[in-house]
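Reviewing the structure listed below.
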Amino acid sequence: MSPFFRSLALALLCLPALQAEDVPLDPVTGMKIAPDWEIVRNHCIICHSSQTFLRQKATEANWTSVLTWMQTNGGLWKLEPDVEKKIVQYLATHYGPGDTANYRRAPIPATLMPPNPYASEAKLEAEAKKQQGLIKPPAK
Ligand code: HEC
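In terms of mature numbering (1 follows the signal peptide of the UniProt record, and there is no 0), the sequence shown is residues -20 to -1, 1 to 120.
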């Protein structure tokens, strides 16, 4: 093998290791050790494992709605606005939809997805029931 190809092969072999070392991981929680990670850890692994949220990918808006959902359904307490902002920013930065390194493959664009038969069936059924007067609009 020529020296050029030998160094190319070596560089390619090292690539995954270099990527993995990009952001160090906390050995206990598996969380990326980046600014504010401890705030997130302190708030988010009391009731469940870190894997509960580390395997999610979401935008800032969606992480904010996860936090709200945690507060209404999970028992998460009210957060100070600056604490909430730090948690959401950490999650969206390190576990955002743009983090394709953790995907098995890139997500399929919505325009290429088939229509969801269940959603439309349910919608048709709801429309029919509404016309029959079986579903009443919410009381004002
Ligand atoms: C007081 C307890 C509590 C705390 C603190 C808490 N959670 Fe949860 N979390 C829950 C419970 C309970 C569920 C399951 C809720 C359900 O399925 O209805 C859950 C589920 C989740 C899920 C869904 C997992 C899945 O695969 O369906 C995510 C994501 C999540 N939590 C993120 C967070 C984040 C981020 C934080 C920190 C801001 C947090 N949680 C803090 C109680 C908590």
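Even for Gly, the Cβ is constructed at its ideal location relative to N, Cα and C.
Do residue i and the ligand HEC come close, with the Cβ less than 7 Å from some heavy atom?
i     : result
Gln69 : no
Asn42 : no
Met50 : yes
Leu34 : no
Ile26 : yes
Gly54 : yes
His74 : no
Val46 : yes
Could you pull the DSSP bridge partners for residue i from this structure?
i     : result
Pro12 : The question names Pro, but residue 12 in the sequence shown is Lys. Lys12 is bridged to Leu5.
Between residue i and residue j, how many whole angstroms is the CB-CB distance? I'm expecting something under 8 Å.
i     : j     : result
Ala90 : Trp43 : Actually they are not in contact, since the Cβ atoms of Ala90 and Trp43 sit about 20 Å apart, beyond 8 Å.
Thr77 : Lys37 : This sequence places Pro at residue 77; Thr is not what is there. Between Lys37 and Pro77 the Cβ distance is about 5 Å, and since that is below 8 Å, they are a contact.
Val63 : Ile19 : 6 Å
Ile67 : His28 : Going by Cβ atoms, the distance from Ile67 to His28 rounds to 15 Å, so no, they are not a contact pair.
Tyr70 : Asp16 : 5 Å
Met11 : Ser30 : 6 Å
Quick one: what's got a C-beta closer than 6 Å to residue i's C-beta in the same chain, skipping five residues either side?
i       : result
Asp6    : Ile13
Ala(-1) : Annotation note: pLDDT 46 at Ala(-1) (below 50); position unreliable, coordinate value reported separately. So no residue of the chain qualifies.
Excluding five sequence neighbours on each side, which residues of the same chain lie with their C-beta closer than 8 Å to the C-beta of residue i?
i           : result
Pro(-5)     : In this prediction, Pro(-5) scores a pLDDT of 48, lower than 50, which makes its location untrustworthy; the coordinate-derived value is nonetheless stated afterwards. Same-chain partners within the cutoff: there are none.
residue 121 : Outside the modelled stretch of the chain, which goes from -20 to 120, sits residue 121, for which no answer is possible.
Between residue i and the rest of its own chain, which residues show a CB-CB distance below 7 Å, the 5 nearest in sequence each way excluded?
i      : result
Ile115 : Ala106 and Lys109
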